[in-house]
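**Student:** For the sequence shown, position 58 matches number 61 in this note's numbering, and the numbering has no gaps at all.
Ideal placement from N, C-alpha and C gives every residue a C-beta, glycine not left out.
Please read all numbers here as calculations on a predicted model, not as lab measurements.
I'd like to ask you about the structure that follows.
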Amino acid sequence: MSQTNELLARLEERYPRFSKGQKRLADYVQENYDKAAFLTAAKLGEAVGVSESTVVRFASQLGYKGYPEFQKALEELVRTKLNSIQRMEVAYGRIARGEILQTVLQSDIEKIKQTLECADKKAFEQAVDTILEARKIYVIGIRSCAPLANFLTFYLNLVRGDVISVHTNSASEIFEQLIRINEEDVIIGISFPRYSVRTLKALEFASNRKAKVITLTDSVHSPMTIYSSCNLIAKSDMASIVDSLVAPLSVINALVVALCMKKQDEVIQTLERLEDIWDEYQVYSRDELNPVDDKIRFTSGEEEDE
Numbered sequence: 004m005s006q007t008n009e010l011l012a013r014l015e016e017r018y019p020r021f022s023k024g025q026k027r028l029a030d031y032v033q034e035n036y037d038k039a040a041f042l043t044a045a046k047l048g049e050a051v052g053v054s055e056s057t058v059v060r061f062a063s064q065l066g067y068k069g070y071p072e073f074q075k076a077l078e079e080l081v082r083t084k085l086n087s088i089q090r091m092e093v094a095y096g097r098i099a100r101g102e103i104l105q106t107v108l109q110s111d112i113e114k115i116k117q118t119l120e121c122a123d124k125k126a127f128e129q130a131v132d133t134i135l136e137a138r139k140i141y142v143i144g145i146r147s148c149a150p151l152a153n154f155l156t157f158y159l160n161l162v163r164g165d166v167i168s169v170h171t172n173s174a175s176e177i178f179e180q181l182i183r184i185n186e187e188d189v190i191i192g193i194s195f196p197r198y199s200v201r202t203l204k205a206l207e208f209a210s211n212r213k214a215k216v217i218t219l220t221d222s223v224h225s226p227m228t229i230y231s232s233c234n235l236i237a238k239s240d241m242a243s244i245v246d247s248l249v250a251p252l253s254v255i256n257a258l259v260v261a262l263c264m265k266k267q268d269e270v271i272q273t274l275e276r277l278e279d280i281w282d283e284y285q286v287y288s289r290d291e292l293n294p295v296d297d298k299i300r301f302t303s304g305e306e307e308d309e
């Protein structure tokens, strides 16, 4: 059972035993969870009309060690329930107009710190070994997670090849691309709140065909972990206008570096071949784009100026 459902279940189960003040708290939390998640115990008590100590006892009555743990459960509820408009309203309420840059960057720093604190090294090493041993790798990420999936696919192809980025224009298209997946293969699913049902269905399909499943998500309580035997956890922003995917990208970077270190010789050979190709076809080289008479012409950096 997810932490989100667990909180709601606890409220429903213990409601008959609550005092009048605790029942008011339960009613307020269920109706205004998006606001309650950002209130201190004192502020929550003030909003409901009870004392701070009543709020703390309420959290304990629900089975949480204290108010901070109860608030984390509330945050999980907000992750999965807030729609885009509500998230924007919450973000505007939290960020001062003159401190947007500082606030957003500081928030991203905190997400990386939180990710480092909860990092599972065994799961990380398992992911590295699983990727190296796989026949083929399928990577899926939808909507805001698509750039992460594309980034990972690009570098995995440099490291080992046989990597397929699953296109996600429709559910049927996803299954058509996964039709040959089997127990020799790996699928990597990337999803953060609000979680993608299509990504979850793809992981279910792959799991039913005995493929190994790796997830990159925000919590062990994420629905993405249902079919996964290896979970990489990265914290994303809980409520913001734009999803914060800095920490997930850092985890992907670490994954790629670890893979490169285990296949150094092959990666070096691949990069050397690519350098030769890039030089031959002037992909990078020292070429310049020079505008001449409203036209664009290519010139080599080795040419003398006329």
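Are at least three pairs of beta-carbons, each pair with one atom in the segment 14 to 31 and one in the segment 48 to 62, less than 8 Å apart?
**Tutor:** Contact between the segment 14 to 31 and the segment 48 to 62 is present, because at least three Cβ pairs lie under 8 Å.
**Student:** So if DSSP puts residue 144 in a beta bridge, which residue, or which two residues, is it bridged to?
**Tutor:** In the sequence shown, counting from the first residue as 1, residue 144 sits at position 141. In the DSSP output, where bridge partners are listed per residue, residue 144 has 193.
**Student:** Just how far apart, CA to CA, sit residue 18 and residue 208?
**Tutor:** Taking the sequence shown and counting its residues from 1, one reaches residue 18 at position 15. Taking the sequence shown and counting its residues from 1, one reaches residue 208 at position 205. Rounded to the nearest angstrom, the two C-alpha atoms are 39 Å apart.
**Student:** Should residue 279 be labelled buried (16 or more other beta-carbon atoms within 10 Å of its own) or exposed?
**Tutor:** Stepping through the sequence shown from its first residue, residue 279 is reached at position 276. Counting Cβ neighbours within 10 Å, residue 279 comes out exposed, since fewer than 16 surround it.
**Student:** Would you tell me roughly how many angstroms separate the C-alpha atoms of residue 201 and residue 53, rounded to the nearest one?
**Tutor:** Numbered from its first residue, the sequence shown carries residue 201 at position 198. Numbered from its first residue, the sequence shown carries residue 53 at position 50. Each residue's Cα considered, the two are about 43 Å apart.
**Student:** Which value, in whole angstroms, describes the spacing of the CA atoms of residue 301 and residue 285?
**Tutor:** For the purposes of this step, residue 301 is taken as the residue at position 298 of the sequence shown. For the purposes of this step, residue 285 is taken as the residue at position 282 of the sequence shown. Caution is warranted here: a pLDDT of 46 is assigned to residue 301, below 50, making its placement in the model unreliable, and no coordinate value can be reported.
**Student:** In whole angstroms, give me the CA-to-CA distance for residue 153 and residue 143.
**Tutor:** For this step, residue 153 is matched to residue 150 along the sequence shown. For this step, residue 143 is matched to residue 140 along the sequence shown. Distance between the alpha carbons of residue 153 and residue 143: 9 Å.
**Student:** Would you check if there are 3 or more beta carbon pairs closer than 8 Å linking the segment 62 to 82 to the segment 115 to 123?
**Tutor:** The segment 62 to 82, when compared against the segment 115 to 123, does not touch it at the 8 Å Cβ threshold.
**Student:** Let's test the definition: count the other Cβ atoms within 10 Å of the Cβ of residue 108 and tell me whether it reaches 16, buried, or not, exposed.
**Tutor:** Here residue 108 refers to the residue found at position 105 of the sequence shown. Result: exposed.
**Student:** Near residue 265, what residues of its chain come up, given a Cβ to Cβ distance below 7 Å and the 5 sequence neighbours on each side ignored?
**Tutor:** Position 262 of the sequence shown, counting from 1, holds the residue named residue 265. The answer, listed in chain order, is 131, 135.
**Student:** Do residue 112 and residue 188 have their beta-carbon atoms positioned less than 9 Å apart in this structure?
**Tutor:** For this step, residue 188 is matched to residue 185 along the sequence shown. For this step, residue 112 is matched to residue 109 along the sequence shown. Not in contact: residue 188 and residue 112 (Cβ atoms no closer than 9 Å).
**Student:** Let me check understanding here. Comparing Cα to Cα, which of 176, 260, 159, 126 lies closest to residue 311?
**Tutor:** Outside the displayed span of the chain (4 to 309) sits residue 311, for which this structure offers no information.
**Student:** Following the continuous beta strand (DSSP E) through residue 228, name the residue where it begins and the one where it ends.
**Tutor:** Mapped onto the sequence shown, residue 228 falls at position 225. Run containing residue 228: none; DSSP gives neither H nor E here.
**Student:** Let's test the definition: count the other Cβ atoms within 10 Å of the Cβ of residue 163 and tell me whether it reaches 16, buried, or not, exposed.
**Tutor:** Here residue 163 refers to the residue found at position 160 when the sequence shown is read from its first residue. Classification for residue 163: buried.
**Student:** In whole angstroms, what separates the C-alpha of residue 36 from that of residue 230?
**Tutor:** Position 33 of the sequence shown, counted from the start, is the residue given in the question as residue 36. Position 227 of the sequence shown, counted from the start, is the residue given in the question as residue 230. Those two C-alpha atoms are separated by around 29 Å.
**Student:** Which word fits residue 232, buried or exposed, when buried means at least 16 other C-beta atoms lie within 10 angstroms of its C-beta?
**Tutor:** Residue numbering aside, residue 232 sits at position 229 when the sequence shown is read from its first letter. Looking at its Cβ environment, which holds fewer than 16 other Cβ atoms inside 10 Å, residue 232 is exposed.
**Student:** Got a sec? Which residues, its chain only, sit under 8 Å from residue 174 by beta carbon, not counting five neighbours each side?
**Tutor:** Your numbering for residue 174 matches position 171 in the sequence shown. Once the five neighbours on either side are set aside, the close Cβ partners of residue 174 are 201, 204.
**Student:** Would you mind sorting residue 128 into buried or exposed? The rule is 16 or more other CB atoms within 10 Å of its CB.
**Tutor:** Position 125 of the sequence shown, counted from the first residue, corresponds to residue 128. By the neighbour-count rule (16 or more Cβ atoms within 10 Å), residue 128 is not buried but exposed.
**Student:** Where does residue 70 land, buried or exposed, given buried means 16+ other C-beta within 10 angstroms?
**Tutor:** Start at 1 with the first residue of the sequence shown, and residue 70 comes out as number 67. Buried, since its Cβ has 16 or more Cβ neighbours within 10 Å.
**Student:** Helix, strand or coil, according to DSSP, for residue 110 in the structure here?
**Tutor:** Along the sequence shown, read from residue 1 onward, the residue named residue 110 stands at position 107. In this structure, residue 110 counts as helix in the three-state DSSP scheme.
**Student:** Within this structure, are the beta carbons of residue 172 and residue 166 separated by less than 9 Å?
**Tutor:** Your numbering for residue 172 matches position 169 in the sequence shown. Your numbering for residue 166 matches position 163 in the sequence shown. In this structure, residue 166 does not lie closer than 9 Å to residue 172 by Cβ.
**Student:** Whole angstroms are fine: how far does the CA of residue 271 sit from the CA of residue 44?
**Tutor:** Translated into the one-based positions of the sequence shown, residue 44 becomes position 41. Translated into the one-based positions of the sequence shown, residue 271 becomes position 268. Each residue's alpha carbon lies about 56 Å from the other.
**Student:** From residue 191 to residue 255, what distance separates their C-alpha atoms?
**Tutor:** The residue given as residue 191 occupies position 188 in the sequence shown. The residue given as residue 255 occupies position 252 in the sequence shown. Cα to Cα, the separation comes out at about 11 Å.
**Student:** Please go through the segment 21 to 45 and give each complete alpha helix (DSSP H) segment of 4 or more residues, from N-terminal end onward.
**Tutor:** Counting only runs of 4 or more, we get 23 to 34, 36 to 39.
**Student:** In chain order, what residues of the same chain have a beta carbon less than 8 Å from the beta carbon of residue 239, not counting five sequence neighbours either side?
**Tutor:** Looking up residue 239 in the sequence shown gives position 236. Contacts found: 114, 195, 196, 221, 246, 247, 248, 250, 251.
**Student:** Which runs of the beta strand (DSSP E) fall wholly inside the segment 126 to 182 and span at least 3 residues, in chain order?
**Tutor:** For the segment 126 to 182, whole beta strand (DSSP E) runs of length 3 or above, ordered along the chain, are 140 to 144, 166 to 168.
**Student:** Whose C-alpha, out of 9, 106, 49, is nearest the C-alpha of residue 2?
**Tutor:** No statement about residue 2 is possible, as the shown extent of the chain runs from 4 to 309 and does not include it.
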